[in-house]
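Each step along the sequence shown adds one to the number in my numbering, with nothing skipped, and position 112 is 114.
Data block below; observations after.
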Amino acid sequence: MLPPNAPERWMRAALKEAESAFEEGETPVGAVIADLATGQLLARAHGQTRALNDPTAHALMIALSQLSGGEVPADEMGFMDLDEAAALGEMEPATPSAERQLAAVLTHEPCAMCAGALLLIPGMRHVVIGAPQKHSGALGSACDLTKLIPDARGIMVLRGVLEAECQALLVRAQKK
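Right, here's the structure in full:
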């Protein structure tokens, strides 16, 4: 269950990231990842595809990299080194020792790449979306990956949080 008022508070943080992306000439999308138990933001990012000349540098992908890249200890998240996984004969993430309960908050519905990565994160319980992406959204608009990935079926998706503000920023960027 999401803490009261948390989706809006977290979405405001994601909107700040999206605003930063807009100011940098990027597509204005922001993402944050929160710990459900504490409400603490564990990662925050905005898209940087132009700045990094990397088509995979979406806001959510960068936030997920932050999450697994040292800000949260790998053993708590359940990730393992690929060499370690191969030695154990498994390529799946290990079961976290103290699984965190996480929420991802995005100003816009994620694409298939981002949604696929997100749905495989151990402890991900909620996804909060601002505005839908009817042509490319992969959590219900164009397709719904939660129905294709068995482990993702328990993830709750909350849509339309501060939708008008999220959509207005995208419209503003298109007029620029």
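Built from N, CA and C at the ideal position, the CB exists for glycine as well.
Remember, predicted model here, so these are calculated numbers, not experimental data.
Classify residue i: buried if its beta carbon has 16 or more other beta carbons within 10 angstroms, exposed otherwise.
i      : result
LEU84  : Because the pLDDT at LEU84 is just 39, under 50, the model does not fix this residue reliably, and the value given afterwards should be weighed accordingly. Its Cβ having fewer than 16 others within 10 Å, LEU84 is exposed.
MET126 : buried
ALA65  : buried
PRO9   : buried
LEU54  : exposed
GLU19  : buried
THR58  : exposed
GLY50  : Rather than Gly, the amino acid found at residue 50 in this sequence is Gln. It is buried - the Cβ of GLN50 has at least 16 other Cβ atoms within 10 Å.
Return the first residue and the last residue of the beta strand (DSSP E) that residue i is part of.
i      : result
ILE35  : 32 to 37
MET3   : It is not in any beta strand (DSSP E) - MET3 carries neither H nor E in the DSSP assignment.
ARG155 : It is not in any beta strand (DSSP E) - ARG155 carries neither H nor E in the DSSP assignment.
ALA47  : 43 to 48
LEU17  : Premise fails: LEU17 lies in the alpha helix (DSSP H), 8 to 25, not in any beta strand (DSSP E).
LEU108 : 104 to 110
How would you write the range of the alpha helix (DSSP H) that residue i sits in, first residue to last?
i      : result
ALA175 : 165 to 177
ARG127 : Where ARG127 is concerned, there is no enclosing alpha helix (DSSP H), although the beta strand (DSSP E) it sits in stretches over 126 to 133.
ALA119 : 114 to 120
From residue i to residue j, what does the alpha carbon distance come to, in whole angstroms?
i      : j      : result
ARG14  : VAL130 : 12 angstroms
ASP249 : LYS178 : No answer is possible for residue 249: it lies beyond the span of the chain, which begins at 3 and ends at 178.
MET3   : LYS149 : 21 angstroms
THR16  : LEU121 : A small fix is needed here, since residue 16 is Ala in this sequence, not Thr. Those two C-alpha atoms are separated by around 19 angstroms.
PRO5   : SER70  : 24 angstroms
ALA140 : VAL159 : 12 angstroms
ALA36  : ALA23  : 20 angstroms
LEU172 : GLU101 : 35 angstroms
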